[in-house]
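My numbering puts the sequence shown at residues 12 to 364.
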Amino acid sequence: MAGQTPNYERFIADLGKPDAQLHPLYVISGDELLLRNEALDALRAACRLQGYTERVTLSLTATGPWNAIEENTQSISLFGDRKLMEIEVPTGKPGKTGGDALVSLANRAARQELTDISVALILPRADRTISSAKWYTAVTQQAVLVNTPVISREQLPAWVQSRLKRQKQHADAATLAWITDKVEGNLLAAHQEILKLGLQYPEGELTLEEVENAVLDVSRYNVFDMSHAILRGDGQRALKVLHGLQAEGEALPMVLGLLTYDIRNLYTLAQARQNGHNPRNLTRKLGLFPPKDQLILNTLDRLPFSQIMGLIQHAHDIDRLFKGFPADGRLTDAWQEMARLVLRMADVTASSH
C-alpha cells in the first residue's frame with residue numbers, strides 16, 4: 012500500500028478493522044482540521060489496538076529541530092515497544108534542512124529500516140509548491156498518502172446528513188439547508204453542533220424548530236467564497252459573505268484587493284479579445300485555474316468593456332473612502348460602498364434586495 016492514495020473514508024474504515032495492516036510511513040494532508048484530526052485519530056486507535064505503547068509528537072518548522080526525527084526513529088527499545096511518531100509541518104515548508112531530513116526518512120522507509128514504528132507526516136493541502144518539492148515526492152513515493160477531502164458548500168448538506176446518520180438522526184432538505192447556512196466554512200464547529208444535536212434530541216427525524224433552537228451561527232467565510240459567488244452572478248450570496256467577512260473583522264483592503272485582482276483580470280482578457288486574441292488562451296498566464304478560469308470567462312461574456320472600466324473606477328473610489336478621502340457619487344462608508352460594488356459586479360441591482 013506504500014505509495015498509494017486510498018480514499019479518505021476507506022482509509023478510516025480499514026484502520027477500524029481488528030486486523031488492520033499498519034505501515035511505517037503515512038502522509039496526512041489537507042486544510043480541514045477536523046478531517047485531518049479524524050484520520051490521525053483512526054491511526055492512533057489502530058496503533059493502540061496493535062500494542063503501540065509510545066506516541067511522540069513533533070511540530071516542526073524550517074528552524075527544526077529536525078534531528079529529532081532521526082533520534083526517534085533510530086532509538087531501539089529494550090522491551091520491543093512500538094512507537095507512533097507524529098510529525099506536523101504546519102506551513103508545509105520544512106526548509107533545506109527539514110527537506111533533507113524528510114528525504115532521509117523516505118530512503119530509510121524504502122530500505123525497510125523503519126521497524127517497530129509508524130511515522131505520520133501531517134501537512135496542509137499540497138499546493139503546487141509543496142507537491143513539486145523533492146522531499147514531498149520522496150516521502151509520498153514511500154508513504155500511504157491520505158488527502159482529506161474539501162467539503163464544498165454544495166456538498167455540505169449531504170455531509171451533515173451523513174454525520175447525523177452516525178448518531179441515528181436525519182433531517183429534511185430544508186433543515187439541512189438551514190444548518191448549512193449556519194455552519195458553512197467551519198467544519199469543526201459544524202461537527203460540534205451535530206454532536207450537540209445527538210445529545211439534545213432522540214434518534215429519528217429532527218425538525219427545523221428543534222435545530223433552530225440548538226444550532227449556533229458558527230459560519231465562517233473567506234474572500235474566495237465571495238469572489239466565486241460574484242463571478243457566478245449570485246449577488247445575494249456574495250453580499251452575505253461580504254457581511255460575514257466584515258463581522259469577522261476581515262480587513263477591507265484584503266477584500267478589495269481580491270475584487271480588484273478579478274477586475275484587472277477581466278480588463279486584461281477584455282483587451283485581448285478586442286485585439287483579436289482568444290481570452291481562453293491567456294488564463295494560464297494570468298494564474299487562473301479551474302474553476303476560477305471558467306468563472307472569469309463566463310463573467311467576461313456578460314460584461315462589456317465600458318462596464319469593466321467602470322468597475323475599476325468604483326474600486327479606486329472605495330480605496331479612497333477607506334483612506335479617508337471623499338469620492339463623488341459614493342457613500343461615505345467604505346464597507347457600504349463595497350456592498351454596492353459587489354452587487355454591481357454580480358450584475359444584481361440593490362433595488363432587488
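Built from N, CA and C at the ideal position, the CB exists for glycine as well.
Assigned secondary structure, residue i (DSSP; H/G/I helix, E/B strand, else coil)
i, result
"Ile162", "coil"
"Ser143", "coil"
"Val353", "helix"
"Thr68", "strand"
"His327", "helix"
"Lys296", "coil"
"Glu49", "helix"
"Val38", "strand"
"Arg93", "strand"
"Gly75", "strand"
"Leu322", "helix"
"Leu125", "coil"
"Thr360", "In this predicted model, Thr360 has a pLDDT of only 34, less than 50, meaning its place in the structure is not dependable; the value taken from the coordinates is given anyway. Coil at Thr360, not helix or strand."
"Ala131", "strand"
"Glu43", "coil"
Beta-carbon proximity check, residue i vs residue j, cutoff 9 Å
i, j, result
"Pro160", "Gly27", "no"
"Ala121", "Gln153", "yes"
"Arg164", "Glu195", "yes"
"Leu332", "Leu342", "yes"
"Tyr278", "Ile241", "no"
"Tyr19", "Ala57", "no"
"Ile329", "Leu263", "yes"
"Ala200", "Arg174", "no"
"Leu134", "Ile39", "yes"
"Val222", "Leu206", "no"
"Arg282", "Phe316", "A quick correction: the sequence has Gln, not Arg, at residue 282. Yes; because the gap between Cβ atoms is below 9 Å, this pair is in contact."
"Ile80", "Leu36", "no"
"Pro101", "Thr72", "yes"
"Gln257", "Trp189", "no"
"His106", "Thr151", "Before going on, a small fix: residue 106 reads as Gly here, not His. Contact: no."
"Trp146", "Asp111", "yes"
"Leu267", "Ala350", "no"
Cβ distance (whole Å) where residue i is taken to contact residue j below 8 Å
i, j, result
"Gly103", "Trp77", "Contact doesn't hold; Cβ gap of about 15 Å is too wide."
"Lys94", "Asp52", "Actually they do not touch by this definition, with Cβ atoms about 17 Å apart."
"Leu308", "Arg291", "6 Å"
"Ala137", "Val114", "With 8 Å as the limit, Ala137 and Val114 do not qualify as a contact, their Cβ atoms being about 16 Å apart."
"Val226", "Glu259", "Actually they are not in contact, since the Cβ atoms of Val226 and Glu259 sit about 18 Å apart, beyond 8 Å."
"Lys179", "Glu214", "4 Å"
"Leu293", "Leu314", "So it is not a contact: roughly 16 Å between Cβ atoms."
"Leu234", "Leu269", "The sequence shown places Val at residue 234, rather than the Leu named in the question. At roughly 5 Å, the Cβ-Cβ gap stays under 8 Å, so Val234 and Leu269 are in contact."
"Pro302", "Val155", "Between Val155 and Pro302 the Cβ distance is about 29 Å, and since that is not below 8 Å, they are no contact."
"Leu33", "Gln61", "6 Å"
"Glu99", "Leu69", "7 Å"
"Leu306", "Asn276", "Contact doesn't hold; Cβ gap of about 11 Å is too wide."
"Ala182", "Gln172", "7 Å"
Per-residue burial, residue i [other beta carbons within 10 Å of its own, 16 or more giving buried]
i, result
"Phe22", "buried"
"Arg47", "buried"
"His327", "exposed"
"Met96", "buried"
"Asn158", "buried"
"Asp236", "buried"
"Ser362", "With a pLDDT of 33 at Ser362, under the threshold of 50, the modelled position of this residue cannot be trusted, and the question is left open."
"His202", "buried"
"Arg119", "buried"
"Met356", "buried"
"Leu210", "exposed"
"Ser238", "buried"
"Glu348", "buried"
"His288", "exposed"
"Leu311", "buried"
"Leu299", "buried"
"Asp273", "buried"
"Ser129", "buried"
"Pro169", "Note on residue identity: the sequence assigns Ala, not Pro, to residue 169. Exposed, since its Cβ has fewer than 16 Cβ neighbours within 10 Å."
"Ala24", "exposed"
"Gly340", "exposed"
"Asp344", "exposed"
"Asp304", "buried"
"Ala185", "exposed"
CB contact check: residue i to chain C, cutoff 9 Å
i, result
"Leu242", "Absence of chain C from the displayed structure is noted, only one protein chain being present."
Ranges of the alpha helix (DSSP H) found wholly within the region 143-224, counting only runs of at least 4 = Within the region 143-224, the complete alpha helix (DSSP H) segments of 4 residues or longer fall at 145-153, 167-177, 184-194 and 198-211, listed in chain order.
Return the chain-ordered ranges of every beta strand (DSSP E) run that is complete within the region 233-268 and spans a minimum of 3 residues.
-> Correct list: empty.
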